[in-house]
Amino acid sequence: MLTLYYSEKSCSFAPHILLYDTGADFVAKRIDFDTGEQNSQGYLSVNPKGRVPALMTPDGVLTENPAILLYIAQMYPEKQLAPKEPFALAKAQSFNMYIASTVHVGHAHKMRGSRWADDKTAHVSMADKVAQNMESYANVIEEHYFVGPWVLGEQYSMCDPYLALVTRWLRPDGVLLDNFPKLKAHDVLMRTRSSMQSTLPIYA
1187 MLTLYYSEKS CSFAPHILLY DTGADFVAKR IDFDTGEQNS QGYLSVNPKG
1237 RVPALMTPDG VLTENPAILL YIAQMYPEKQ LAPKEPFALA KAQSFNMYIA
1287 STVHVGHAHK MRGSRWADDK TAHVSMADKV AQNMESYANV IEEHYFVGPW
1337 VLGEQYSMCD PYLALVTRWL RPDGVLLDNF PKLKAHDVLM RTRSSMQSTL
1387 PIYA
């Protein structure tokens, strides 16, 4: 049995979709950030970082989306959610790590500037750059990473729920999705999948 610790305002959106893709037997446990549950002794015993997602597996806890997504994909090889060939898998991980290390950080500058600076004027400056930075990141994905119709080409993979998460961020971050036809088409395609349809109401 797998347990996904999630918050409806978080990046756990991506592994939540992927778990539905696999048909896995899992429990989704909501962590209430409004009451500070992420900092409770109970949750910190699961994830000392106090963040979501975290995935409880029979072998222990995994954190960080690239690791969680890869684990889910490799636990269900019959679903073909991760490439088998080493270079292709490395390319997939390159995409997921770009989202984790660059895109997510750029998005977080809008509302979590206190992680990087104490000066409130610096927080404002960070937030002011979010739209510009996110547009730049979207362009890198559109022109460099995205093959089509799915991220890696003809085969849907663990990368696609992660891109769906980014697409959710773009509009509120001030980026016009119409400027990125490949990403817009991907968003339309994702919304036809039952896994996405099952996840969206949870993260409304």
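Residues in the sequence shown are numbered from 1187 upward in steps of one, following this note's numbering.
Every residue, glycine too, gets a C-beta built ideally from N, C-alpha and C.
These numbers were taken from a predicted model, which means no experiment stands behind them.
| Check | Outcome |
| --- | --- |
| Secondary structure at Lys1315, three-state DSSP: helix, strand or coil? | coil |
| Taking all protein chains shown into account, do 16 or more other C-beta atoms lie within 10 angstroms of the C-beta of Thr1378, making it buried, or fewer, making it exposed? | exposed |
| Can you tell me whether Ala1303 is buried or exposed? The criterion is at least 16 other CB atoms within 10 Å of its CB, across all chains shown. | exposed |
| On the premise that Ala1259 lies in contact with Leu1267, defined as a C-beta separation below 8 Å, what is that separation, rounded to the nearest angstrom? | 4 Å |
| Which parts of the stretch 1201 to 1258 are runs of the beta strand (DSSP E), unbroken and 3 residues or longer, counting only runs that do not cross its ends? | 1212 to 1216, 1240 to 1243, 1246 to 1249 |
| Specify the secondary structure class of Trp1336 as computed by DSSP and reduced to three states. | strand |
| Go ahead and pull the three-state DSSP assignment for Leu1375. | helix |
| Starting from Tyr1192, follow the alpha helix (DSSP H) in both directions and report where the run begins and ends. | Premise fails: Tyr1192 lies in the beta strand (DSSP E), 1188 to 1192, not in any alpha helix (DSSP H). |
| Helix, strand or coil for Val1291, going by three-state DSSP, please let me know. | helix |
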